[in-house]
Each structure stands twice: as C-alpha cells, then as structure tokens.
Amino acid sequence: MRVKIVASEQVMGCEAAKIVQDEVARNPKAVLMLPTGGTPEAMYEHLARAYSQGRVTFARVTTFNLDEYVGLSVEHPQSYHCYMQDRFFCHVDLPPINAHLLDGNAANLAKECRDFEQKIAEAGGVDLAVLGLGRNAHIAFNEPPANLTSRTHVAMLTESTRQANARFFGGTGDVPCRALTAGIATIIDCRKILVLACGIQKAEAVARAIERPVSAMCPASALQVHHKVTFLVDEAAASCLHFKSNYRYLEQARRSLEVGR
Ligand code: GLP
Numbered sequence: 000m001r002v003k004i005v006a007s008e009q010v011m012g013c014e015a016a017k018i019v020q021d022e023v024a025r026n027p028k029a030v031l032m033l034p035t036g037g038t039p040e041a042m043y044e045h046l047a048r049a050y051s052q053g054r055v056t057f058a059r060v061t062t063f064n065l066d067e068y069v070g071l072s073v074e075h076p077q078s079y080h081c082y083m084q085d086r087f088f089c090h091v092d093l094p095p096i097n098a099h100l101l102d103g104n105a106a107n108l109a110k111e112c113r114d115f116e117q118k119i120a121e122a123g124g125v126d127l128a129v130l131g132l133g134r135n136a137h138i139a140f141n142e143p144p145a146n147l148t149s150r151t152h153v154a155m156l157t158e159s160t161r162q163a164n165a166r167f168f169g170g171t172g173d174v175p176c177r178a179l180t181a182g183i184a185t186i187i188d189c190r191k192i193l194v195l196a197c198g199i200q201k202a203e204a205v206a207r208a209i210e211r212p213v214s215a216m217c218p219a220s221a222l223q224v225h226h227k228v229t230f231l232v233d234e235a236a237a238s239c240l241h242f243k244s245n246y247r248y249l250e251q252a253r254r255s256l257e258v259g260r
C-alpha cells in the first residue's frame, strides 16, 4: 500500500487528476471506476481543464460509477447521474455510450446490479478505480459492517452517512435510505485503486483503513489485501496516522529512484 500525503485538498485534486491522465495516456482505452461526493470535485476540475487544454482525451475511455441513490430520477439534482454530468461528462469528450451509471430507479434493482457486473466484465475489468472515503470508512456505499466479498448490490445507508450527505440535500430526511453500490469484491477486482481523502473529519477513517486490522467494521480496510492501492490524502486527513514519517520517507525514496532512472 502506498500512502501519499499532500499539503491541501487542491494539491490532492491535481495529483489525482495526473494519475488518471497518466493512466489514459498509457492506455487510451482505459476503463475507469469513478467516485462522487465532495472529495473528487477538485480532481474533476483539473481533468476538465486538462481536456480543454488538449492534454488528455477521453474519446476511447469507458467509465463506471461506484454508486447511485435508490429512488432518485437521473434528472434529480442530487443524483450521481447529475453530479457526473455537471462536474465531468459535460466538460470532456467521453462518448455518453461509454459512461455507465447504476440506475437507482430501475424496476428490478437486483437485475440492475447483475447487469452492471456483466458490463464491467464485458469491458475487460477496470484498470483504475478512484474512491472517496466515508467518515465511517465506507467505500462507495459499502457501510459497516460490510460484507467484504460483496458484488454490486442494494445497500442500506447508515444514519451517519445520511447525515454527512444531508449537506447536499434539504436535510437528513431528504437523503434516500438506500443506494446501489459496487461491492467490496467488485472494487478489489479493479487492477489499480486510488483512494482520496481530505479534511480532519476523515482522519480517523484513514488511520483505521491503513493501520488497523482488516475488519467488516472498517470497509476500506479491505483494500489492504490489494496489491496496487494508493491513498492520496491531505495533511488533515493524515493527522491520525501513526507511521506518517515512514510514509513520507518511502515517498521520498520513491521520488529519488524515479529521478535517478
Ligand atoms: C458518499 C459516497 C461515497 C463517497 C463518500 C465520501 O456517501 N457514496 O462514494 O466517497 O460518501 O463523500 P465526501 O467526498 O462528500 O466526503
């Protein structure tokens, strides 16, 4: 596991965008799994700018989104469909047919989840997944206690997650109680994983995910078993890590190796 600590949320967004751009430059047909929420907004801004300046194209990229609320229409301003349209899709050249989001209004939610897994398989799997992190260490909408072997499924949201997301709605009461989400096993199957976290309210979750034992009570801790995962966190989100100086040392060593190459 690689842990990279950066000065601020803006730097995190810029570095995350660079990682996505590098992936797409290496493989123009890259398959990406994308997050929503407040954390990745800066990343999407940087990606939109990079596209407008001709530094990246998404013309052959395929995307999947990690999750969607149940019961919101795709036009609902707080749906993740709308979020992706506003923050990313409308700014870049990704063909709409290549963007896959779960439909939280599907008549048959179980089938919607199965079809999503099928589409990922048909795309050849995911090259890079970018994840946010919940305050309770959820990833996508895999809430604690999480089934660490789950595939895409319907999830019940915890009260704390609904409260955390109430800022995007009128209040907690307006936040849906259920969501469709990629499962932990769906995420672990992605070839590379980048986790983003910023702000002091994520510090405890970051430390539990990275430095505490793998546990259903900490869904993000499941990422410890993945061989290519990077946590990209700002100083505030890193503040509960015990081995901060080790991570900094390893990053420095990595950089000097890259420079020496
Ligand atoms: C939400 C989303 C997650 C997101 C997380 C963090 O509930 N379902 O995919 O990563 O919580 O959100 P934020 O970045 O707004 O803190």
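Anchor point for the sequence shown: position 260 equals 259 in numbering that gives the first Met the number 0, and the numbering is continuous, going up by one each time. Glycine included, every Cβ here is placed at the ideal spot set by N, Cα and C. Note that the structure is a prediction, hence the values are computed from the model and not measured.
When the Cβ atoms of the segment 178-195 are set against those of the segment 141-154, are three or more pairs found closer than 8 Å? Taking a contact to require three or more Cβ pairs closer than 8 Å, the segment 178-195 and the segment 141-154 qualify as touching.
Just to check, is the beta-carbon of residue 100 closer than 8 Å to a non-hydrogen atom of the ligand GLP? no
Any non-hydrogen atom of the ligand GLP closer than 8 Å to residue 70 Cβ: Residue 70 Cβ: outside cutoff for every heavy atom of the ligand GLP.
Which same chain residues, not among the five before or five after residue 212, have their C-beta less than 8 Å away from its C-beta? For residue 212, where only same-chain residues beyond five positions count, the Cβ hits under 8 Å are 220.
Please state the DSSP three-state secondary structure of residue 64. strand
CB contact flag (residue 132, residue 194, <9 Å): yes
Taking a contact to mean a Cβ-Cβ separation below 9 Å, would you say residue 207 touches residue 217 in this structure? yes
Could you check if residue 130 belongs to the surroundings of the ligand GLP, using beta carbon to heavy atom distance under 8 Å? yes
Distance cut-off 8 Å: residue 178 Cβ against heavy atoms of the ligand GLP: When distances are taken from the beta-carbon of residue 178 to the heavy atoms of the ligand GLP, the shortest one is below 8 Å.
Quick check on this structure: which residue in 40, 71, 83 has the alpha carbon closest to the alpha carbon of residue 9? 40
Identify the continuous alpha helix (DSSP H) that holds residue 45 and give its terminal residues. 40-51
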